[in-house]
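First up is the structure itself, then whatever we jot down about it.
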Amino acid sequence: MARKFLILGKYTQSGMAGALADGFESRREVMTDAITSMGGRLIDYSFCMGEYDFTVLAEYEDESKALALTLIPVAAGTVIANVIRLLTIEEMDQAREHFDLVHWTPPGQN
Numbered sequence: 001m002a003r004k005f006l007i008l009g010k011y012t013q014s015g016m017a018g019a020l021a022d023g024f025e026s027r028r029e030v031m032t033d034a035i036t037s038m039g040g041r042l043i044d045y046s047f048c049m050g051e052y053d054f055t056v057l058a059e060y061e062d063e064s065k066a067l068a069l070t071l072i073p074v075a076a077g078t079v080i081a082n083v084i085r086l087l088t089i090e091e092m093d094q095a096r097e098h099f100d101l102v103h104w105t106p107p108g109q110n
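Put into structure tokens, the structure is as follows:
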């Protein structure tokens with residue numbers, strides 16, 4: 001089953017300088033190549049105003065590949081990124097089926 005991932009990214013100073021020099025279209029091309037080279041699919045790549053500089057919405061069969069895609073630019077020092085695994089309605093309902101198995105008491109209600 002393909003899983004969707006939302007990446008919220010911020011360029012570091014050097015990353016923004018590189019993106020400005022290369023042009024922003026080049027960033028989408030690089031991201032498309034990176035995602036497809038690992039068997040994923042780019043759904044959307046957008047730039048933002050505000051806290052984040054860009055978002056990536058991608059689909060992968062393997063969660064570790066989504067993580068690898070984020071770790072490489074972070075390690076290069078050009079991007080700060082947060083990866084969010086998006087859940088389907090079916091996955092949320094499946095989680096509900098396990099509620100009776102959870103042994104947890106709210107604070108102050110022992």
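Residue numbers (our numbering): 1 to 110. No residue lacks a Cβ here, since even glycine has one placed at the ideal position from N, Cα and C.
Using the Cβ count rule (16 or more neighbours within 10 Å means buried), how would you classify residue i?
i	result
L69	buried
V56	buried
V79	buried
R27	buried
P73	buried
I35	buried
Which residues mark the beginning and the end of the alpha helix (DSSP H) in which residue i is found?
i	result
L20	13 to 22
Per DSSP, which one or two residues make a beta bridge with residue i?
i	result
G9	F54, A81
R3	Y60
Note down, in chain order, each residue of its chain lying with its Cβ closer than 7 Å to the Cβ of residue i, except the 5 sequence neighbours on either side.
i	result
Y11	A19, D53, T78, V79
For residue i, I'd like the list of residues in its chain whose CB is within less than 6 Å of its CB, leaving aside the five on either flank, ordered along the chain.
i	result
N82	L8
Legend entry - beta strand (DSSP E) runs contained entirely in the segment 40 to 99, provided each spans 3 or more residues: 41 to 47, 54 to 60, 79 to 86
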